[in-house]
Amino acid sequence: MIEVISEDRCTGCNICVNVCPTNVFAPAAGGIPVIARQDDCQTCFMCEVYCPDDALYVAPHATEITHVTAAELEERDLFGSYRRSIGWIRGGRPRPAPEIMQRLEHR
Amino acid sequence: MAFPPTAASSVPTASLELDADVLVIGGGPAGTWAAIAAAARGAKVVLADKGFCGSSGATAPSGTGVWYVPPDPARRAKAMNSRWDLGGRLADPAWMRRVLDRTYDNVNRLAEWGYPFSDDADGRSIRNGLDGPDYMRLMRKRTKAAGVKILDHSPALELLRDDGGAVAGAAGVRRQKADTWLVRANAVVIATGGCAFLSKALGCNVLTGDGLLFAAELGAELSGMEFSTAYAMALEGGSVTKTRFYDWATFTFEDGSPIPGAASKGGRSVIARVLQSRRVFAQLDKADAETEQAMRYAQPNFFLPLDRVGIDPFRQRFPVTLLLEGTVRGTGGLRIVDSTCATTVPGLYAAGDAATRELVCGAFTGGGSHNAAWAMSSGYWAGSAAGEHGRHLRGRNRTVLRAGGVGIADGPGRAIDAAALTRAVQDEVWPYDRNYLRSGERLTDSLGRLDGLWRGARMAQAASLDEAQRTREGVAMLATSRWMYRSALSRTESRGMHKREDFPEKDDSQLHYTTSGGLDEIWIGHERAPSPEVEVLAA
Ligand SMILES: Cc1cc2nc3c(=O)[nH]c(=O)nc-3n(C[C@H](O)[C@H](O)[C@H](O)COP(=O)(O)OP(=O)(O)OC[C@H]3O[C@@H](n4cnc5c(N)ncnc54)[C@H](O)[C@@H]3O)c2cc1C
Ligand code: SF4
Ligand code: SF4
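As they're listed, the protein sequences go chains A and C.
1 is the number of the first residue of the first sequence in full-length UniProt numbering; add one for each residue after it.
1 is the number of the first residue of the second sequence in full-length UniProt numbering; add one for each residue after it.
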């Protein structure tokens with residue numbers, strides 16, 4: 001579930017308000033968005049993917065809240081890790097050699 | 001604010017009113033391909049999505065395999081035959097061929113549009129897979145470039161009709177503006193995806209069967225609703241229902257002893273049975289280091305949740321669950337009556353998961369790339385035909401009436417408690433021993449309660465603007481569950497994904513499609529599958 005919007009990182013661009021398919025965020029006048037409907041979060045990670053400032057964190061737990069804090073996430077370098085893992089970064093996601101990719105074919 | 005009651009004489013109004021040749025409802029792959037195809041026919045097109053076109057739906061957050069097979073007869077035949085028996089021979093070989101052709105063209109067009117395919121060792125572009133975020137971002141861009149007007153966060157709540165019963169547009173809410181929209185259109189494409197009953201399977205909580213309900217309210221028919229038992233594996237308590245890599249897994253009980261017969265493919269019902277009373281653990285111990293490297297590249301989001309909770313799935317056991325994906329990776333949906341993906345309602349077309357996929361998959365889809373192929377092909381056909389139809393009727397002065405019923409039309413009873421209704425439906429369709437492992441007795445038992453819920457709901461007064469979306473989602477899931485279970489009850493055999501404990505074998509006197517429809521009274525019909533006697537298919 002969506003758990004953290006980092007106040008230090010967020011620039012208030014409201015992209016997450018727009019892209020969240022289940023309308024979890026609400027814009028706040030002149031400030032950073034709020035997690036207004038956490039129960040509606042479907043744990044799809046799309047907000048993290050689209051956030052230009054790596055300010056969001058979605059815990060992989062879909063049904064319970066972990067209470068992780070921004071400080072812990074900074075420490076573990078988890079902000080932006082979804083975007084990096086799918087290759088939405090300069091250079092994309094380097095593809096392993098074809099012989100290695102073939103390993104997935106025979107099952 | 002209350003919705004105006006549905007009255008045949010009332011002319012619907014909304015905060016935002018638009019006129020178009022074609023309205024596409026849903027902006028996943030099926031909807032975006034439909035919108036682009038309709039615009040290419042010169043139609044003026046509006047696309048409305050419940051969420052955000054580009055991030056919403058089942059494809060956007062996932063990687064997706066695509067049934068992309070070059071037009072070489074041997075390879076095409078192999079591709080078709082690999083699924084023929086799996087689908088219980090209910091697919092239609094002619095449709096399989098045309099979907100292979102269409103998909104090949106569409107994917108090549110994605111390459112022209114700049115989709116970043118990588119190359120294989122011989123420098124050939126690899127086109128049988130798409131990354132959801134990239135694919136859907138590109139589709140949004142192309143949809144806009146085609147001149148389509150996109151309404152985001154604008155769930156449709158009902159269709160509009162003319163006085164002859166043809167579709168005439170749709171109406172809904174703009175949930176971030178707390179007001180309403182209405183589009184008068186001569187053709188409508190339903191591309192609202194499948195129904196996963198708010199199970200939180202990846203990207204699926206926008207998929208509540210809305211389009212099936214709207215279409216049925218105009219008299220459209222469904223087909224294959226018994227093939228709605230897709231359950232996909234995920235980390236316990238998680239959402240990422242990527243199942244492919246469990247082919248490399250060993251499944252164990254909590255104490256570490258192996259579960260006899262458990263497997264992701266061909267042994268998933270064993271896992272479902274165990275999960276009813278005990279936990280199930282998996283470990284990808286059949287993969288070596290190189291396979292691990294390939295996997296991490298191919299599906300990074302399979303690993304992300306595990307990484308975040310500190311589990312190494314290759315070296316550690318982790319608890320898993322099965323989440324209901326219903327018709328998203330099932331095959332049932334709106335019945336299609338011709339090659340344009342038309343429904344039985346004039347002007348109304350269906351595409352993607354909202355349309356029956358039996359034509360290409362028969363009784364089973366699950367994993368595999370047919371779903372993506374079907375979404376882009378059916379979207380393309382539905383959009384093209386809707387574009388022609390809509391433009392042809394341009395300028396006709398038509399009466400426009402509301403067609404929405406339960407939940408937004410006014411009745412004498414109290415308003416529906418959407419959360420309670422949703423939970424009540426989930427209680428009947430989530431449990432493995434009701435939906436996955438079916439029996440006549442349990443289906444009948446569930447139907448008794450589901451029909452009771454319907455009788456209560458249809459008396460309700462109209463939902464408030466705030467509650468309208470959730471109310472209609474609850475009603476749509478309720479209607480969907482009743483078509484599913486009535487269809488399941490009528491198929492007294494096990495075929496494809498439909499498994500009956502009381503009829504565990506195939507019965508070849510039932511090589512038909514199960515059609516269904518109706519709301520207050522649900523009817524069931526049969527239509528013979530086109531060529532179930534054929535043993536081997538030719539390309
Ligand atoms: C985890 C997962 C992995 C998958 N992997 C594969 C794979 O590898 N290969 C494959 O072929 N298939 C795969 N599938 C299936 C595939 O994702 C679907 O078949 C495909 O997304 C269907 O496209 P669609 O456009 O019909 O529906 P969707 O992509 O689900 O889009 C439906 C859209 O309709 C909108 N909508 C819903 N209701 C309304 C309403 N009332 N008003 C307005 N808009 C509405 C939604 O917001 C959504 O944007 C997978 C599915 C899942 C869940
Ligand atoms: S997308 Fe990121 S930076 Fe923009 S408002 Fe949301 S959290 Fe803040
Ligand atoms: S994870 Fe998905 S549903 Fe949850 S807040 Fe982010 S975008 Fe919205």
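Heads up, the beta-carbon is just placed ideally off N, CA and C, and yes, glycines get one too.
- Relative to ligand 1, C:D49 has its C-beta within less than 6 angstroms of a heavy atom.
- DSSP, read as helix, strand or coil, puts C:A232 in strand.
- For the options C:D134, C:S516 and C:P532, the alpha carbon positioned closest to that of C:A215 is the one of C:S516.
- Taking one beta carbon from each stretch, the stretch 219 to 229 of chain C and the stretch 252 to 266 of chain C have fewer than 3 pairs nearer than 8 angstroms; the two do not touch.
- When the Cα atoms are used, C:K265 and C:Y246 turn out to be separated by approximately 8 angstroms.
- A direct Cα-Cα distance of roughly 33 angstroms separates A:C10 from C:A196.
- One finds T22 and Q42 in chain A with Cβ atoms closer than 7 angstroms to the Cβ of C:N205, taken in chain order.
- Secondary structure of C:D101 (DSSP, three-state): helix.
- The count of Cβ pairs closer than 8 angstroms, one atom from the stretch 422 to 429 of chain C and one from the stretch 197 to 210 of chain C, reaches three, so the stretches are in contact.
- Under the Cβ criterion of 7 angstroms, C:A196 is not counted among the residues facing chain A.
- Neighbours of A:T69 across chain C, judged by C-beta separation under 9 angstroms, do not exist; the nearest C-beta is about 15 angstroms away.
- Counting C-beta pairs closer than 8 angstroms gives three or more between the stretch 83 to 96 of chain C and the stretch 360 to 370 of chain C, which meets the contact rule.
- Here the C-alpha atom of A:T69 lies approximately 46 angstroms from the C-alpha atom of C:L447.
- Distances between the C-beta of A:V34 and the heavy atoms of ligand 3 are all 6 angstroms or more.
- Interface flag for A:N18 against chain C is set, since a Cβ pair is found closer than 7 angstroms.
- In this structure C:D353 is in contact with C:G333, their Cβ atoms being roughly 6 angstroms apart against a cut-off of 8 angstroms.
- Residue environment for C:K286: exposed (fewer than 16 other C-beta atoms within 10 angstroms of its C-beta).
- Boundaries of the beta strand (DSSP E) harbouring C:L151: K149 to L151, taken from the DSSP string.
- Distances from the CB of A:C44 to the heavy atoms of ligand 3 include at least one below 6 angstroms.
- Sequence-distant partners of C:R41 (beyond 5 residues in either direction) whose C-beta falls short of 7 angstroms from its own C-beta, in its chain, are S384, G387, E388 and R391.
- The C-beta of C:E325 comes no closer than 7 angstroms to any C-beta of chain A.
- When secondary structure is reduced to three states using DSSP, C:Y135 falls in the helix class.
- DSSP links C:A355 through a beta bridge to C:L334.
- Close partners of C:K200 in chain A (Cβ separation under 8 angstroms): Q42, T43, A62 and T63.
- One alpha carbon belongs to A:I100, the other to C:V345, and they sit about 51 angstroms apart.
- Within the stretch 89 to 102 of chain A, the residues whose Cβ lies closer than 9 angstroms to some Cβ of chain C are G92, R93, P94, R95, P96, A97, P98, E99, I100, M101 and Q102, listed in chain order.
- Taking the beta carbon of A:L78 as reference, the chain C residues within 8 angstroms of it are R308, listed in sequence order.
- Taken in chain order, the whole alpha helix (DSSP H) runs of length 4 or more contained in the stretch 424 to 487 of chain C are 440 to 457.
- Legend: CB atoms of the stretch 45 to 58 of chain C lying less than 8 angstroms from CB atoms of chain A belong to residues K50, G51, F52, G54, S55, S56 and G57.
- Residues D410, G411 and A415 of the same chain have their beta carbon placed closer than 6 angstroms to that of C:Q461, with the five preceding and five following residues left out of the count.
- Looking at the DSSP output, C:L23 bridges to C:V46 and C:V188.
- The contact set of A:V49 on chain C, defined by CB atoms closer than 7 angstroms, consists of P133 in chain order.
- Within the stretch 214 to 241 of chain C, those residues whose Cβ lies closer than 9 angstroms to any Cβ of chain A are, in chain order, A234, L235, G237, G238, S239 and V240.
- Straight across, the Cα-Cα distance linking C:S55 with C:D507 is about 42 angstroms.
- Among the residues of chain A, those whose CB is under 8 angstroms from the CB of C:R175 are N23, following chain order.
- Beta-carbon to beta-carbon, C:G28 and C:A375 are separated by about 7 angstroms, close enough to satisfy the 8 angstroms threshold.
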